[in-house]
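These protein sequences, in sequence, are chains A and B. Quick note on numbering: this note's numbering labels position 287 of the first sequence as 291, and the sequence is numbered without any gaps. Quick note on numbering: this note's numbering labels position 176 of the second sequence as 452, and the sequence is numbered without any gaps. Positions of the beta carbon are idealized from the N, C-alpha and C atoms, including for glycine. So the structure is just underneath, and the comments pick up after that.
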Amino acid sequence: MTAMTADEISAIEERFPQVFRRPAYKRFGPLFLLLGTVLYLVYAMWFFTLPQVLRDSHWERLPLFLSQWVSYDLQPEFRLDQPEITPKYPRFSALGDNPNPDWVIKGPDGTYTVMIDGPAKSITFDKTQATIVANGQTVPVALTSGKPVVTGPVPDWITAHDDEVVAKMGFAGEVRVTVDRVKVRKRFLGWANFVFDTRSPFFGKSAGEVVSLIISGPELKPGTTNLALAGDNIWNNAQWQHGDVWTKLLQTIVMAFLGTLLGGIVAFPLAFFAARNITPSGILSQVLKRFFDFMRSVDMLIWALFFTRAFGPGPLAGSAAIFFTEIGTLGKTYSEALENIDDKPREGVVSTGANGLLVQRYGVIPEVIPVFISQTLYQWESNTRGATIIGAVGAGGIGLKLWEAMRTNSNWANVFYMVLLTLLVVFIFDNISNFLRRRLSRTIHDYNRIQAEQG
Amino acid sequence: MTLSVTAPSATASSGATHQMADAWRRQTSLRRFYTALGVALLLAAMFASMWFADEANAGHFFDRLPHILDFLSWLIPKDWNDVWRALFDVASPHDTGTQEFNFPLGRIYVWGGFYIPEYFELMLTTVNVALVSTFIGFIFAVPFSFIAARNLTPHPVLRLVVKRFMELLRAFPEIVIAGLFAAIVSIGPVAAIIAIGLHSIGALGKLFYEINENIDMRAEEGLRAVGANWFERVRFAGLPQVLPNFMSYTLLRIEINVRISTIMGAVGGGGIGEELKLSISRGFGAKTLAMVLLLFTTIFIVDQFSAWLRRKLVGEQAFVMGA
């Protein structure tokens, strides 16, 4: 390519001034936008004291919490100050009242061996000394001098405090040794007692045993069939609370359904009076449109809080909150759809001398009904997602249960269970709503095409 | 208002016309039957839902209905000026020594005697949470949306992965993310930012890739012809076409995020939501009104500003389908 002369360059500049000599605000607009954004982010960092927050945060908890979503632990404790070493399990241990796990081995000479992850990660102890095995190392801990003493070098996975030696073994668990007790935390993948809790007579039985008990076993609880008993035990599982969780989930679904449907029913006639091309009165239209704005802009949260005050906490308050917000949202979208209609069918019906109601029924509604239904389905879908979040302020549904389970900071497996169910429901409803919309979309498409041809 | 259905030409005595009319009548009646059935099912589901919601609620609908305005009565202050006093943190003459009239949080002195009442500070937190989380959403949603768009994706498998990932982010309950991060970065606005930001990635990403799939591909073909790589094609053919629409949706998202961050505040995410919830649950009329007024004004300003900006960016088209 030959080099251009200065004349040629200026000639091109002359010809396309809109490209080369743009006003300064257009030329530097993106730069200013970028600069403004960066400045704002610096301000936000200062506003939220982000460095401080990050310094105080515990990111090491994240993998810990996430592993707790899909696992559970058992924490046996071995007292060394009794005449004989006795294993003790917490009261609500996942093993039930009569624990005898095969990973705790009592030797013939009174020593105990706890296999935290097979023999490769284990601890063997008697009253005088403990031997911790992990990561290919064997670390003896002497217990005779009044405090636990690690003999030999201390590996980095062991922390020796004054009165306690803590050996961390990763996901598998950890061991804490003091002179009078050995505490073990052993972690298992999976959800313990998901079907039957420890109080159930079916607890600890294999699937085959449970089935045969249900079909032909003797009545475990007099007066109830085994099938009913099993169902009751599952539904009222104390640890997983299946019954409560599913009921709360149903509440969330009902809240979204009821709120959206009622909102649609109320918004439907109002939208006709708000649509400028249909209503004869401009004032009425303005009043209704501002009313829709009001219903929408009073946040769903405020409605939820008010209705929990009025009706008490529960799905009724949640439905009412969604209902009030939806009057605003659907009223607005309905009336906009009405304002976009093709006027000719309506004129046709008017010309036959039909009264007002008939004009709407045969001249307007067939045109807008697919749009209305599609918008309502959209809102239904988005309210199903949103209902969990207002639930957390007491408006019923699974939100509050989720929030409570998290606040205790221990039931992360339960949280995950509820999250999975919520996700499942959202995906199913997404698909139902998408399917229904696709069935409708042909008509909407036709409607748009006709409009485009005439417009 | 029933329109009786008459055959197109009842006077014609040919059998074929009768057949046609009968078939048409049959079809209409079948259609009517299905419509009626659908409506009946919907009504049944509605009444069943109402009954269920009523049963599961703490107070029942018809028991509470006469008292529905009771809770509004505490909202109306004895003296309407209290609303202003509460808003600007001025002592009220009706102060009973409780927190009802006295603002317990205090003022933030900016310069000399000039102060910001804490309500405004809390509102500012809420708005900032919304802005920062929308920014996070935007920054991640833009590249994701180009990967997820059918016409621009670098690889179909990658496209599916990113699409599913965004769906997951969208559907994951925000309070769970907030709760998880509250345990890591402590309860407060940062946890709320992360939760709303992650949700915004999914929500914006979906809207963005739908825009991307509708772009004019001729520019992209031109760049492909001169041997541009994927990044260059997206940067010079895709981005300029879609940026105004992206900005429009982002502005819409800011509005939504202001609302969500208020709700997150009510469950421990900082900002005005928390105070509002406390105030309502304790029954502080003037205070509640002051906060609702503030929230209202803010939402109104954000709405109007973003509507104005969107009109400038993409014209009236942004308002057609209610987005």
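- Two segments are said to touch when three or more pairs of C-beta atoms, one from each, lie closer than 8 Å; by this definition the stretch 443-454 of chain B does not touch the stretch 435-446 of chain A.
- Close partners of K553 of chain B in chain A (Cβ separation under 7 Å): L309 and V397.
- Counting other Cβ atoms within 10 Å of its Cβ, P342 of chain B stays below 16 and is therefore classed as exposed.
- DSSP places K187 of chain A in the uninterrupted beta strand (DSSP E) bounded by R185 to L193.
- The contact set of S305 of chain B on chain A, defined by CB atoms closer than 7 Å, is empty, because the minimum CB distance reaches about 18 Å.
- Within the stretch 6-83 of chain A, the runs of beta strand (DSSP E) at least 3 residues long that lie entirely inside it are, in chain order, 75-78 and 81-83.
- Nearest Cα to P80 of chain A within the set A:E64, A:T132, A:M49 and A:Y116: A:Y116.
- In the DSSP assignment, D297 of chain A falls outside any beta strand (DSSP E) and lies within the alpha helix (DSSP H) extending over G286 to S301.
- Residues of chain A with a Cβ closer than 7 Å to the Cβ of E450 of chain B are, in chain order, I393.
- The closest CA to that of L515 of chain B, considering only B:I491, B:L483 and B:V502, is found on B:I491.
- At least one beta carbon of chain A lies nearer than 8 Å to the beta carbon of D330 of chain B.
- Per DSSP, the unbroken alpha helix (DSSP H) holding T538 of chain B starts and ends at L515 to M540.
- In this structure, DSSP gives R180 of chain A an extended state, which the three-state scheme calls strand.
- Nearest C-alpha to M322 of chain B among A:V291, A:S386, A:I287 and A:T264: A:T264.
- Taking the CA atoms as reference points, W195 of chain A sits about 13 Å from L70 of chain A.
- According to DSSP, V258 of chain A shares a beta bridge with no other residue.
- For I218 of chain A, the secondary structure class from DSSP, reduced to helix, strand or coil, is helix.
- With respect to chain A, the C-beta atom of V366 of chain B has no partner C-beta closer than 8 Å.
- Contact between L361 of chain A and V353 of chain A does not hold, since their C-beta atoms are separated by about 11 Å, which reaches or exceeds 8 Å.
- Secondary structure of K92 of chain A (DSSP, three-state): strand.
- Interface with chain B (8 Å Cβ-Cβ cutoff): R59 of chain A is excluded.
- Counting only residues of its own chain and dropping the five nearest sequence neighbours on each side, L585 of chain B has a CB closer than 7 Å to the CB of L527.
- Residue contact with chain B for A48 of chain A: present (Cβ-Cβ distance below 8 Å to some residue of chain B).
- Contacts between R440 of chain B and chain A, judged by CB atoms closer than 8 Å, are missing: the closest CB pair is about 11 Å apart.
- When A:E340, A:M119, A:G111 and A:M259 are compared, the shortest CA-CA separation from F327 of chain A is found for A:M259.
- At a cut-off of 8 Å between beta-carbon atoms, P465 of chain B makes contact with chain A.
- The alpha carbon of P353 of chain B has as its nearest neighbour, out of B:F338, B:L445, B:A425 and B:D371, the alpha carbon of B:D371.
- Rounded to the nearest whole angstrom, the CA to CA distance from L474 of chain B to V461 of chain B is 16 Å.
- DSSP lists A:S126 as the beta-bridge partner residues of M119 of chain A.
- Taken through DSSP and simplified to helix, strand or coil, I487 of chain B comes out as helix.
- Put simply, the stretch 146-158 of chain A does not touch the stretch 35-47 of chain A. Fewer than three CB pairs are less than 8 Å apart.
- Neighbours of A562 of chain B across chain A, judged by C-beta separation under 7 Å, do not exist; the nearest C-beta is about 16 Å away.
- Taking CB atoms only, A542 of chain B has a neighbour in chain A less than 8 Å away.
- Counting only Cβ-Cβ distances below 7 Å, M326 of chain B has contacts in chain A at L262, in chain order.
- Listed along the chain, the chain A residues whose CB falls inside 8 Å of the CB of F337 of chain B are F315 and L320.
- Under the rule that a run must span 4 or more residues, the alpha helix (DSSP H) segments found entirely inside the stretch 407-494 of chain B read 432-447, 450-461 and 465-488.
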